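Position in the sequence shown (from 1) plus 329 gives the number in this note's numbering. For glycine and all other residues, C-beta sits at the position ideal for the given N, C-alpha and C. None of these values were measured; they are calculated from a predicted model.
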Amino acid sequence: ESILGEDEYVLTVVNHPRFGVGEFTHPPAPPRGPIAMSAFVPDLAINPHPRFGFLTQNIRTRRGSLVDIRMPLFIDEFTAEQKDASEIKVDAMAFGMGCSCLQVTFQARNIAESRHLYDQLVVLGPIMLALTASTPFHHGQIADTDVRWNAIAQSVDDRTPGERGVAPLKDGEQRIPKSRYDSVSSFISSEPPFKDKYNDTELVINEEALTQLLDGGVDELLARHIAHLFIRDPL
330 ESILGEDEYV
340 LTVVNHPRFG
350 VGEFTHPPAP
360 PRGPIAMSAF
370 VPDLAINPHP
380 RFGFLTQNIR
390 TRRGSLVDIR
400 MPLFIDEFTA
410 EQKDASEIKV
420 DAMAFGMGCS
430 CLQVTFQARN
440 IAESRHLYDQ
450 LVVLGPIMLA
460 LTASTPFHHG
470 QIADTDVRWN
480 AIAQSVDDRT
490 PGERGVAPLK
500 DGEQRIPKSR
510 YDSVSSFISS
520 EPPFKDKYND
530 TELVINEEAL
540 TQLLDGGVDE
550 LLARHIAHLF
560 IRDPL
């Protein structure tokens, strides 16, 4: 900090506050490329590893439209007037996956310990997310929230209109209540302090996968968890 000017500060933020605003890349590049088709983010901003380009394109293709990310706008006397004065609207996976975080992989001793650890992290995760928020800006505007999670969840929402509940279901589809990146749907440990009443949300499952898992000797609690994961198409 000794080398900073009087009007300069060191900040720890999860995303670039003006990501997607004007010419924000170096070198500058135009938006609306063939991969993201975003009105704000050029394809140049996408990580060059093929995985990220294909994820961006396949999510958009599967859902049948650009992703629709909406964050609540912080409003005070300095907020500029705009057509929709309540939301910050952006349209590319990069607005979510452009948020940084520390990912950690745990190696447990066995499956029982792994399942117990999973359940503990389900409870601790939201607390840690709140403590490390640091995401008050999106697309050059101040959001009325400071956590990145909803932006990430919306940025990879590949559900079809039928799966989202905004159009009739097509053959082979079922309603899916949330994005593939979202809150955890069930606890999976059979050890104390788990109680059956904690799993009080409706779990959408792949029935074929569930039958195969149960026939293979997987207990019902874990089988339903895995069958829930298999309601998604690979990207």
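Closest in alpha carbon position to S484, among R509, D475, D500 and T464, is R509. Annotation: the continuous beta strand (DSSP E) that includes R399 extends over I398 to P401. Contact between R391 and T489 holds, with the beta-carbon distance rounding to 7 Å and staying under 8 Å. The three-state secondary structure of H467, taken from DSSP, is strand.
Contiguous alpha helix (DSSP H) elements confined to the segment 360-440 occur at 379-392 and 423-426, taking only those with 4 or more residues. DSSP, reduced to helix, strand and coil, places A358 outside both helices and strands of the structure shown, so it counts as coil. Going by DSSP, D562 is part of no alpha helix (DSSP H) at all; its letter is neither H nor E. Distances from the CA of H554 to each of G545, L564 and A538 were compared; the closest alpha carbon is that of A538. Only residues of its own chain outside the window of five on either side were considered, and among them I517 and S519 have a CB closer than 7 Å to the CB of L550, listed in chain order. By alpha-carbon distance to L558, the top candidate from V533, E502, T540 and Q541 is V533.
A contact is defined here as three or more CB-CB pairs under 8 Å, and the segment 432-447 fails this definition with respect to the segment 379-393. Burial check for V495: the Cβ neighbour count within 10 Å stays below 16, so the residue is exposed.
Under the 10 Å beta carbon count, M422 is surrounded by 16 or more other beta carbons and is classified as buried. Of I471, H467 and G491, the smallest CA-CA separation from A480 is found for H467.
Under DSSP, A472 shares a beta bridge with L402.
Closest in C-alpha terms to F403, from the list D372, T474 and V342, comes T474.
The three-state reading of DSSP puts T540 in helix, counting H, G and I together. Look at the beta carbons and you see the segment 458-467 touching the segment 341-355: at least three pairs across the two are nearer than 8 Å.
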